[in-house]
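J.:
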Amino acid sequence: MISEFYRLKAVYGSKEITMDDLKDIQAGGIVSFENHGISRTKRECLLCEIRFDRLIELLRVLTAAPFDSPEHLKKQIENSGILLSAQSGESDGLIVFTDEAAHIELIAQVDSEGRVSVEAGDIDAATSFQVFLRVQDQTAVR
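The sequence shown begins at -6 in our numbering and counts up by one.
Shown next as structure tokens:
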């Protein structure tokens, strides 16, 4: 899921796309599409945002409040379906979670009472990218 999002970002991010491209982007069911209005470039296009909603929701939950224990945090991440794994032990007071390709990194801090918190500034992850959706067939305009 993470690799697919980053593949889509690499292929389509900040580029002009067609409706067929948009259908391909949405085919996997891992992203949503949000229209941000007309972008006045050389051609009129809709400035759109492609969002990785499942990751956005996970990050919202993780930063909302501290967890009672590292195990509770790990269980929340596991239940999200986003494949992140802990890369370091709790002995240094930090738990670092990453995906296989290291596209995402989040750092959880364990306090002296065993509670775990994740701050928004301790998250390195792209959750969306922009595209420019062509609003009309350019071959018809001459």
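Where is the CB? At the ideal position from N, CA and C, for every residue including glycine.
Measure the beta-carbon distance from G107 to S62 and round it to whole angstroms, keeping in mind my assumption that it falls under 8 Å.
T.: Along the sequence shown, one-based indexing puts residue 107 at 114. Along the sequence shown, one-based indexing puts residue 62 at 69. The Cβ separation is near 6 Å, so the contact holds.
J.: When DSSP labels each residue in this structure, what does D115 get in the three-state scheme?
T.: Counting from one through the sequence shown, the residue named residue 115 turns up at place 122. If DSSP states are grouped into helix, strand and coil, D115 belongs with the strands.
J.: Buried or exposed: where does T11 fall if 16 or more other Cβ atoms within 10 Å of its Cβ makes it buried?
T.: By 1-based counting over the sequence shown, the position of residue 11 is 18. It counts as exposed.
J.: Specify the secondary structure class of S121 as computed by DSSP and reduced to three states.
T.: Position 128 of the sequence shown, counted from the first residue, corresponds to residue 121. Here S121 sits in strand by DSSP.
J.: Under the assumption that T91 contacts L77 (Cβ atoms under 8 Å), give the Cβ distance between them as a whole number of angstroms.
T.: Against the sequence shown, residue 91 aligns to sequence position 98. Against the sequence shown, residue 77 aligns to sequence position 84. With a Cβ gap of about 6 Å, T91 and L77 count as contacting.
J.: For F26, collect the residues of the same chain with a Cβ closer than 7 Å to its Cβ; drop the 5 residues on either side in sequence, then sort them by chain order.
T.: Residue numbering aside, residue 26 sits at position 33 when the sequence shown is read from its first letter. Result list for F26: L15, Q19, C41, I43, in chain order.
J.: I need the DSSP call for R44, collapsed to helix, strand or coil.
T.: Counted from its first residue, the sequence shown places residue 44 at position 51. DSSP places R44 in strand when its eight states are reduced to three.
J.: Alpha carbons only, please: which of E112, Y5, D117, G86 is nearest the one belonging to A95?
T.: Start at 1 with the first residue of the sequence shown, and residue 95 comes out as number 102. For the residues E112, Y5, D117, G86, the minimum Cα distance to A95 belongs to D117.
J.: Taking the continuous alpha helix (DSSP H) assigned at L1, which residues delimit it?
T.: As a first step, residue 1 is located in the sequence shown; it is residue number 8 there, counting from the start. Its alpha helix (DSSP H) spans residues -5 to 5.
J.: Give the secondary structure of T56 by DSSP, where H, G and I count as helix, E and B as strand, and everything else as coil.
T.: As a first step, residue 56 is located in the sequence shown; it is residue number 63 there, counting from the start. In this structure, T56 counts as helix in the three-state DSSP scheme.
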